[in-house]
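With the first letter of the sequence shown counted as 1, position 127 gets the number 889 in the working numbering; the numbers rise by one all the way through.
Backbone N, C-alpha and C fix where the C-beta goes; we use that ideal spot for every residue, glycine too.
Fair warning: this is a prediction, and the values are worked out from it, not measured in the lab.
Okay, structure first, notes after.
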Amino acid sequence: MKKILMAVVAALVFAAAAFAQSEQATGETITQVDVTDATTKIHFPAEFQFGKWKDAKWNAVWEISSNNIVLSQNDVLVCSFDGKIKNYNVVVGIKGLEISFDCDATKRSYKIVKPISTNTDLELDVVRHDVPDSDPNKHWKTQIIRQ
């Protein structure tokens, strides 16, 4: 029981720190950052864990740094999202820290969620805009595992 309580407290501290980081940028209390420029630089909050995560569904690796996301497959670059995103949002919500954006180059919308837990895995939610709604790969959710 003590471990569960400590995990809940740690998760709440994480969410509060992420929320405080978003407040520092503008001096206002905000829960969502909406950037509607045609292209936007990625900027993750300092509390977000950086590193590499394995996407077993596509045998790919997502590498997240403070200002970019790089997707590779079999050590070959698939996409560097730097300067290719729009509709960038950071939301601190009940599920945890959610970062979402669209990318015209890949014709997809992405949401990366760091759940409120001590687990380092992330949830990845992808919607493709280049296939019909009936395509089984139109929308998928998967867990990406910290390497």
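Span of the beta strand (DSSP E), counted from its first residue to its last, around residue i
i, result
"Phe863", "858-865"
"Trp824", "822-826"
"Ser842", "838-842"
"Asp883", "That residue, Asp883, is in no beta strand (DSSP E); it is neither H nor E in DSSP."
Local Cβ density within 10 Å of residue i, reported as buried at 16 or more and exposed below that
i, result
"Val838", "exposed"
"Lys846", "buried"
"Gln794", "At Gln794 the pLDDT is 35, less than 50, meaning the model places this residue with poor confidence and gives no usable figure here."
"Trp824", "buried"
"Val893", "exposed"
"Lys903", "exposed"
"Phe812", "exposed"
Backbone secondary structure at residue i - three-state DSSP
i, result
"Asn849", "strand"
"Lys903", "strand"
"Lys876", "strand"
"Val893", "coil"
"Lys743", "No answer is possible for residue 743: it lies beyond the span of the chain, which begins at 763 and ends at 909."
"Ile831", "strand"
"Thr788", "Because Thr788 carries a pLDDT of 33, less than 50, the predicted location of this residue cannot be relied on, and no value is offered for it."
"Arg870", "strand"
Anticipated Cβ contact below 8 angstroms, residue i with residue j, distance rounded
i, j, result
"Asp883", "Ile907", "5 angstroms"
"Asp842", "Asn851", "Residue identity differs from the one stated: residue 842 is Ser in this sequence, not Asp. In fact, because the Cβ distance is near 20 angstroms, the residues do not count as touching under 8 angstroms."
"Asp864", "Asn881", "That belief does not hold up - the Cβ atoms of Asp864 and Asn881 are roughly 27 angstroms apart, past 8 angstroms."
Exercise. On the three-pair Cβ rule with 8 angstroms, is the stretch 868-878 touching the stretch 887-894?
Worked result: yes
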